[in-house]
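See below for the structure under consideration.
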Amino acid sequence: MKKTIALFLVLIFVLSSAMFVFTSCNNVDDGIITDTGEAQTVKLKVWGADKDQDMLKEMCNAFAAANSDKKYEFEYAIVGEGDAKKTILDDPDAAADVFSFSNDQLADLVAAGALAQIGGTYKTTAEADNTETSYDAAVIDGKLYAFPETADNGYFLYYDKSVLETPPISLSEILVATTSSKKFAMNVSNSWYNAAFFLGAGCTFSDDQKIDFNNAKGLNAAKSINELVKNSGFVNFTNETYDPSILSGFADKTIIAAVSGTWNAEAIKEALGDNYAACKLPTFTVDGVEVQMSGFAGFKLVGVNSNSAYLTEAIKLGAWLTNEENQLKRFEDRAMGPSNKVAAQDDKVKANIALAALAEQLQYSISQKNVPGSFWNAAEGFGTDLVAGTVEDSALQGMLDNVVEAVNNPVS
Amino acid sequence: MHKGSFVMDYEYLLAGKLKRGFIRIRESFKSFPSRALLFFINLPRNIGAVFIKIYSHFKEIVKIFVLGDMATKLSFVVMGMGCIARKRFIRGFLYLLLQVLFWFFFLTFGVVYIAGLGTLGTVSQLEVYNEGTGIFEYVKGDNSMLILLYGIVSLFLVVLYIALYFSSIRECYRTEMLKKRGGQIPFFSDDVQDLMDKDFHKSLIFVPSVMIICFTILPIIFMVCLAFTNYDRLHMPPGNLFTWVGFENFRSIMGFSDSSLLAKTFGKILGWTFVWAFFATGTNYIFGMLLAMMINKKGIKFKRLFRTVFVLTIAVPQFVSLMFMRNVFADTGLFNVFLQSAGIISEPVKFLTDGDIARVVVIFINMWVGIPYTMLITTGILMNIPNDLYESARIDGAGTAKQFFAITLPYMLFVTAPYLITQFIGNINNFNVIWLLTNGGPMTSDMYASGRTDLLITWLYRLTTGEQNYKIASVIGIFTFIISAVFSLIVYNYSGSARREGEFQ
Amino acid sequence: MKRPHSIKRAQSISSGIIYTVLSALSVVWIIPLVFLVLHSFRAEKGAAIKYIIPKEFTLDNYKKLFTDTSLFNFPRWYLNTLLVAIATCILSTFFVLTISYALSRLRFRGRTGLLNIGLVLNMFPGFMSMIAVYFILKAIGLTQSLVSLVLVYSGGAALGYYIVKGFFDTIPRALDEAALIDGASKARVFLSITLPMSKPIIVYTILTSFIAPWMDFIFASVIMKDNYNKYTVAIGLFQMISRENIYEYFTVFCAGSVLVAVPIALLFIFMQKFYVEGIAGGAVKG
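Residue numbers (the working numbering), protein chains in the order written: chain A, 16 to 427; chain B, 2 to 506; chain C, 12 to 297.
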């Protein structure tokens, strides 16, 4: 009995000292994320599209050279602007410190708290240096959440000069020039594109991200789309096949005009050769009146991860990557239109046909800021239904009602 | 033997083995509704039995406490005490080590998360402006998702620990009883030997089970819990918290709240999923079998060559061949170009972009993908059908068709019934084919975030990656899971297969 | 004699029909693969396949795979996938064999319960668990690495016990019993008697678990996220056909797919005998 008790006491002692040690090293992490900048290597992870990697490396090395008082170590990874949101939200800790993303993702990223707010002199500089629309695209409720990087994520009209000698003004002008083997292409089944009709007709995205597409203006826009898809000179390609199809279409002359953006500029230029031309979107008819097609003005922004371990440095890098010099460099290397006021006025930029057309169209386009995430799938359903070419005008109202319901009551 | 058993019928007893199989199948289908009902009626009783068992464990432990001697009682505080006191050192210390490890885990990790499970976090991310550097700094708040996940993991480990705790106490008590009776106290080497023999099953299933628990069971529990929260785009960690909302999501999907679009969509997709699974499984099975029979037929040469040709398609990664098919059947794809240049059609056929046509085309392309598999399987089995059955049938004057329906088909169905069920369930969850061919499209405004060829599972995927609507996705996942599970449990357990297990051995 | 004649004729007519049908079907089945190979030699860019024979043939696509590694590091990915595949097939085989043997041969409390649970768990749509699995791995410190990928692939392997168990069920128990009477432990029986007799099913298991990592891109991309150097071939190929890249890289994609498909096809052909025997044995039992 005595032996047992002695043994017991010994073990109890062992156990309780162990517990004591454990409770004291209970490391629940709730520290403030500040950076400790003194004389340590600053490790920054940077994301960019695959074609931007080389350019990014040059820019970051220049940054390190310009700030030689600290040591920098960069890690690069390939995450395209369109994938940025999803990849960050999946695991914010493992995400980059600095990354590019397209501005329609801003609202979701801010709502999830993934972006660091930008303040102080960084904010005032960004506002002063960049065009109003591009700055506005990065602002929510008066707070700046990212640095404007490019102002070229929108769409406009490319056309074959040999068929349409002067820039076409209206949709009917284009359609008149089409035949059964020379068509006009627009990805109307995709919500990003078919919004051009709705926005042009006067529908809106409210500040609390609700739409009114099922009102009279929306119905008019829907009727115009319906009329277009039934025209034999029109062709629609679905999402993944759209870009490749218009590229090969321009090359073998089965397409005379198509709606697309600057990402295809090089390839379309190659396909059309001397007949390469671009201009703003045409007008379309609503109740007998010609209305300019609107569209989405998309901007690429550079965001800083709020979880970054080196927040100050990351913000510095973000500002650096979007300064005037680097925006010009981005234009020269990758033909991306700058959002910086001075850079945009550069002669070389103005001479770029695609960017000029985009700039012209941008006056009529609206920002993607207030577009809720549920809009894309819903409007795509609508567009896809219409593209089949069998929908009667009378059914349009019901379909629009469905779209609005899916967007405004997203079951959350 | 339950009511209505056919096993004692004269017809059954007199019939040959094959006919018995056929009768079994017929009876399975006939009694399906009543068995389904029985399953659900028994369910509460079975669940209740589990709780009763747990309760009896507790009773047993209390009994041990009361009856055991000092050392055993002390084992309640220091795990393994009783074993150590009776010279079963290694085993005892192992228990103690596990106890220490558990408390280490619990105090440094588990406690925090389990505590947070009730509210799923109360402190959200804090933003603080640092005047000095002009930077906004962030204080990390609670991460609801991690709290939920790690909370579940911790809870699970706690339960595991309690089971281990009980087992250690029982072991100590057993050792005490053994000593009292004057029996031999087992050495540790004896324990090890047991693991290789008497308790071999424990060693065998230990590691795989751990893996399954980590990678399948815990995630399932996590997903089920998600369905009761409001985790979606507007409640995204780390910036926001989400919390429990009870059955609200279920109510939305079943149509009891404002959004009827969701309920309608769910119904439509559910219907199409079943139709798809039925046709996909059926066509692959029948045609695969026919193909195997053709190759297998006496007098056909190059058997190996033909089989190899068909099997080659399996070697190409599925997404490659499906992507290829998608290109070929596109509106401007090869197939359309071919048909147009041959003058058969003037306008391209919307193989994959028209809702109704796409549904049919998808089933056809799935045949191309799946028939080689079924062909392989049925080949092996076909070779096992005794030839004299066919001989006697032919002598009796039966033609090929009759032979097929009277001999081959019943035999195959009987033997591969479980395989068919697995395939059916597999097709309900067949993500690759649908997603890669049409992305679930064509999208339509009639349905919420989904298209005409969407299965439950592709819809689920789009909801998570496209709209971050995790809560609804979880509900769909649960429904898919329940449907598959109930269906397969009923058919598998009550078909002849489970009972026949003993026959071969 | 008239009768043997007409029977023979009937037989040769039906054989003839069958040969035609089989040949036609073989063509249908092979065509896409032929296209794949042909287009991997295509010089023109673009993804739309409007014609069968490429206008210009070139080996550039293959060269590109191995030389243009800045964006698509194919050789590295190939190696990664090979490593993952080998590790996965070893682990998976171990898991499946152990569980199937236990469920087939050993009788213990809770066995039928496990059978049912296993059956049910297999029905679970795998990728819903991806978020959870990713973060569980993260808690242990294993993220974005090949090890985590291996764990993910082999983790649920044991749930595929069904066919293997069926195979074990067909091995007569008499042998086991004789050995047990002679004093062998159950472990001995498993290792020395059962396993050697199970070559077909072992080959089947190894083959199927080896192939899986080459084909899967969903799980792999969730685990790897942006860790580009650790990608597997499947993720890489899938990225080549994303909207931005497909125009330029489609033919390269075809070339890459051929390089993946050829070894697997060879494996399949040589292992065909085992594979069929294994499944037949396992599925027959039901």
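The beta-carbon is built from N, C-alpha and C at its ideal position, and this holds for glycine as well.
Quiz item: Per DSSP, what kind of secondary structure is B:Lys351 in: helix, strand or coil?
Solution: coil
Quiz item: Secondary structure at B:Ser168, three-state DSSP: helix, strand or coil?
Solution: helix
Exercise. Verify the CB distance criterion: does B:Ser155 have a CB-CB separation below 8 Å to chain C?
Key: no
Exercise. Anything in chain B within Cβ reach of A:Ile270, meaning under 7 Å, just list it in chain order.
Key: Neighbours of A:Ile270 on chain B: none; closest Cβ ~11 Å, over 7 Å.
Practice problem: Name the two residues that bound the continuous beta strand (DSSP E) containing A:Cys294. | Solution: 291-294
Quiz prompt | B:Ala474, DSSP secondary structure in three states | solution = helix
Quiz item: Is B:Val63 buried or exposed, if buried means 16 or more other CB atoms sit within 10 Å of its CB?
Solution: exposed
Quiz item: Along the chain, where does the alpha helix (DSSP H) that runs through B:Gly525 open and close?
Solution: Shown here, chain B extends from 2 to 506; a query on residue 525 of chain B therefore has no answer.
Quiz item: Counting only beta-carbon atoms, is B:Phe325 nearer than 8 Å to chain C?
Solution: yes
Exercise. Using a cut-off of 9 Å between C-beta atoms, extract the partners of B:Ser489 located in chain C.
Key: Contact annotation for B:Ser489 against chain C: Leu130, Val131, Asn133, Met134 [CB-CB distance below 9 Å, chain order].
Practice problem: Under 8 Å by Cβ, that's how I've got A:Lys356 and A:Asp151 pegged, so tell me the actual separation to the nearest angstrom. | Solution: About 14 Å; that fails the 8 Å criterion.
Quiz item: From what residue to what residue does the beta strand (DSSP E) around C:Ser159 run?
Solution: First-last for C:Ser159: 157-166, but that is the alpha helix (DSSP H), not the beta strand (DSSP E).
Exercise. Please classify B:Gly398: is it buried, with 16 or more other beta-carbons within 10 angstroms of its beta-carbon, or exposed?
Key: Exposed.
Quiz prompt | Option in C:Thr243, C:Ser25, C:Val233 with minimal Cα separation from C:Val139 | solution = Looking at the sequence shown, residue 139 of chain C is not Val but Met. Comparing Cα-Cα distances from C:Met139 to each of C:Thr243, C:Ser25, C:Val233, the minimum goes to C:Val233.
Exercise. Determine the chain D residues that contact C:Val271 at a beta-carbon separation under 7 Å, and present them in chain order.
Key: No chain D appears in this structure, whose protein chains are A, B and C.
Quiz item: Looking only at its own chain, which residues have a Cβ that is under 8 Å from the Cβ of A:Val61, when we skip the five neighbours before and after it?
Solution: Leu71, Cys75, Phe89, Glu90, Tyr91, Ala92, Ala111, Asp112, Val113, Phe114, Leu332
Exercise. Determine the DSSP secondary structure at A:Ala350, reduced to helix, strand or coil.
Key: coil
Quiz prompt | Residue burial classification, B:Arg89 (beta-carbon count within 10 angstroms, cutoff 16) | solution = buried
Quiz item: What separation, rounded to the nearest whole angstrom, lies between the Cα atoms of B:Glu502 and C:Arg118?
Solution: Residue placement at B:Glu502 cannot be trusted, given a pLDDT of 45 that sits under 50; what the coordinates show is reported in the next sentence. Spanning the two alpha carbons is a distance of roughly 13 Å.
Quiz item: Is A:Asn424 helix, strand or coil by DSSP?
Solution: Coil at A:Asn424, not helix or strand.
Quiz item: Does any residue of chain C bring its CB to less than 8 Å from the CB of B:Leu121?
Solution: no
Quiz item: For B:Arg234, which residues from the same chain have a beta carbon less than 8 Å from its beta carbon, with the 5 sequence-adjacent residues on both sides left out?
Solution: For B:Arg234, where only same-chain residues beyond five positions count, the Cβ hits under 8 Å are Glu468, Gln469, Asn470.
Quiz item: In whole angstroms, what separates the C-alpha of B:Gln319 from that of C:Met226?
Solution: 7 Å
Practice problem: State yes or no: is the beta carbon of B:Arg234 nearer than 8 Å to at least one beta carbon in chain A? | Solution: yes
Practice problem: Please list, in chain order, all residues of the same chain as A:Ser195 whose beta carbon is under 7 Å from its beta carbon, the five residues on each side excluded. | Solution: Ser247
Quiz item: Exposed or buried, which one is C:Asp193 when buried takes at least 16 other CB atoms within 10 Å?
Solution: Counting every other CB atom within 10 Å of its CB across the protein chains shown gives C:Asp193 a total below 16, marking it as exposed.
Quiz item: Among A:Ile381, A:Phe28, A:Asn279, A:Gly398, which residue has its Cα nearest to the Cα of A:Tyr173?
Solution: A:Asn279
Quiz item: So what does DSSP say about A:Leu234, is it helix, strand or coil?
Solution: helix
Quiz prompt | Chain-ordered neighbours of C:Leu248 on chain A, where CB pairs are closer than 7 Å | solution = By Cβ distance, chain A contributes nothing, its closest Cβ being about 15 Å from C:Leu248, past 7 Å.
Quiz item: Under a CB-based cut-off of 8 Å, is A:Asp106 close to chain C?
Solution: Interface residue, yes.
Quiz item: When the distance is taken between beta carbons, is B:Ile429 closer than 8 Å to B:Ser489?
Solution: no
Quiz prompt | Interface flag, B:Pro387 vs chain A, CB-CB below 8 Å | solution = no
Quiz item: Going along the chain, which residues of its own chain have a beta-carbon closer than 6 Å to the beta-carbon of B:Thr380, five neighbours each way excluded?
Solution: These residues qualify, in order along the chain: Ala293.
Quiz item: Is the distance from the Cβ of A:Ile189 to the Cβ of A:Tyr291 below 8 Å?
Solution: no
Self-check item: Rounded separation between A:Thr139 and A:Thr56 - CA only
Solution: Taking the straight line joining both Cα atoms gives about 29 Å.
Practice problem: For A:Phe348, go through chain C and note every residue whose CB falls closer than 9 Å to its CB, in chain order. | Solution: The sequence shown places Asp at residue 348 of chain A, not Phe. Those within 9 Å of A:Asp348 in chain C number zero; the least Cβ separation is about 15 Å.
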